[in-house]
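Every position in the sequence shown, counted from 1, becomes a number in my numbering once 700 is added.
Glycine included, every Cβ here is placed at the ideal spot set by N, Cα and C.
Taking it in order: structure first as structure tokens, then the write-up.
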Amino acid sequence: MKLIVATDSYKGTISAPDATAIIADALAEKLPLAQILRLPVADGGEGSAECLVSARGGGFAVTTVKNCFFEDTQVRIGVVDGDTAVVELAEAAGLRFAEGRANPMLTTTYGVGQMIRTAAGLGVRRVLLCLGGSATNDLGCGAAAALGVCFFDKNGEEMLPLGGTLDEVAAIDTSLVPDEIRALELICLCDVDGKLTGEHGAAKMFALQKGASPEAVAVLEAGAAHMSELFLRDAGVDITDLSGGAAAGGFAAGAVALLGAEIRSGSAEILSTLGFADALADADAVITGEGRFDRQSACGKAIGGIIAEAKRAGVPVFVLAGSVGDAEGSGAAAVFSTVRDFCRFEDVRDNAKVYLRAAAESLAAAIALGAGSGGL
């Protein structure tokens, strides 16, 4: 019997590699003859680098860059397969830096550009840009500036655009981006499909949760619309109707326009990099999980991708989730909550690993019983 354990993180409690290990260990104890493949997964957000490095046997490069408030911070860059770097935007421009001072009008992605430059120096040919958890709304202009793109105000003075000063940019020059940066294959991984502006755009949909006031949202929206015009005029790229352009405060749109990046589904790209489809070829079941499982889990999240791939291969999927909402039509063979009683999140957080282990042992016992009776 071959079982694939491929879990996402249980947000706020257990990382994807740790969750995968807990479930796999429980299965191995109850099913000692089973072949168990461990594949921690992610959807292109925080934890993606750790997930890929863990599964592919890569490593991390450590460097110091500027965070979203232009303070020095140490970051990790994942390196897998010798030629691919994994850069998590949240490492340099994540919400963790904004605690107590969140304001996307004042934050920058400059440090993310520094991370990309460092990755290029490692000799990679491809960079996976994981765009989850941003505290920014500068359309990736900060990162572009760190990579050689120049922005000028109406007086011809060079400037570093922030979310609140995008409307002050009068011209863009991309001619000084080094050849080694242009040669990189830049792939933006995201799980949103909103366009840069509008009701589902970077400002109106996401800026409030990053600390913006309603008045600031209006400024950010106007700035994004202004930059969209400049991207077309000065870079020759129309991102108006770009699906996914809203990701990470418009980082995806800016990366496409200024750096020639491509936008892809985070979960699909990571599953492909992990070789998930090939692993399914002779698998008997997949066990996966996340913090909360509901209908939204199928919309761009890692578990949705897992279930879709497994369904195509005819392999059943069992889900172990911290909490379970309306999962009708999810495609999973069965969904189980790891939390047995009503309790506070603090209790869940403190006992999450114990709860997950117990749920995994129960599932393993059920699988063993099914196998013994000629089932799975």
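Asked	Found
How would you call GLY823, buried or exposed, if buried means at least 16 neighbouring beta carbons within 10 angstroms?	exposed
For GLN774, write down the residues that DSSP places opposite it in a beta bridge.	THR764
What does DSSP give as the partner residues of LYS702 in its beta bridges?	GLN735
Got a sec: is the Cβ-Cβ distance from PHE931 to anything in chain C below 8 Å?	Here there is only one protein chain, and chain C is not present.
Flag this pair as yes or no: are the beta carbons of LYS910 and GLY901 separated by less than 8 Å?	no
Using a Cβ-Cβ cut-off of 8 Å (strictly less than) and excluding sequence neighbours within five positions of LEU739, which residues of its own chain qualify?	ILE704, VAL705, ALA706, THR720, ALA755, LEU974, PHE976, ALA979
Measuring CB to CB, does ILE1006 end up less than 8 Å from LEU1063?	no
Buried or exposed, going by whether 16 or more other CB atoms sit within 10 Å of the CB of VAL762?	exposed
So, ASP708 versus VAL741, is the Cβ gap smaller than 8 Å?	yes
DSSP three-state call for LEU886: helix, strand or coil?	strand
Closest by CA to ARG787, which one among GLY744, PRO804, ALA1034?	The identity of residue 787 in the sequence shown is Val, whereas the question assumes Arg. The residue with the shortest Cα to Cα distance from VAL787 is GLY744.
Jot down the residue ranges of each uninterrupted alpha helix (DSSP H) in the stretch 838 to 886, minimum 4 residues, whole runs only, in chain order.	841 to 846, 879 to 882
Comparing alpha-carbon positions, which option in GLY1025, GLY966, ILE722 lies nearest PHE993?	GLY1025
Spatial neighbours of ALA907 within its chain, please: CB distance less than 6 Å, with the 5 preceding and 5 following residues excluded, ordered by chain position.	PRO804, ASN837, VAL917, LEU920
Near ALA947, what residues of its chain come up, given a Cβ to Cβ distance below 6 Å and the 5 sequence neighbours on each side ignored?	LEU831, CYS890, VAL892
Suppose contacts are defined by Cβ-Cβ distances below 8 Å. Is ILE714 in contact with ALA1058 by that definition?	no
Do CYS888 and ALA793 come within 8 Å of each other at the CB atom, strictly closer than that value?	no
With LEU828 as the anchor, note down where its alpha helix (DSSP H) starts and where it stops.	Looking at the DSSP string, LEU828 is not in any alpha helix (DSSP H); the run it does join, the beta strand (DSSP E), is 826 to 830.
Only counting runs of 4 or more residues, tell me where the alpha helix (DSSP H) segments fall wholly within the stretch 934 to 965, in order along the chain.	947 to 959
Quick one: grab the DSSP three-state call for ARG801.	coil
Please name the residue or residues paired with ILE714 in a DSSP beta bridge.	TYR710
May I ask which residues mark the beginning and end of the alpha helix (DSSP H) holding PHE976?	976 to 979
Just to confirm my understanding: we take LEU930, look at its own chain, exclude 5 residues before and 5 after, and list those with CB closer than 7 Å. What are they?	VAL869, ILE872
Per the contact definition of three or more C-beta pairs closer than 8 Å, is the stretch 879 to 888 in contact with the stretch 955 to 965?	yes
Going by alpha carbons, who is nearest to TYR1055 out of VAL1017, GLY1004, GLY991, GLY1029?	GLY991
Whole-angstrom Cβ separation of GLY758 and LEU839, contact assumed at under 8 Å?	That pair is no contact at about 30 Å.
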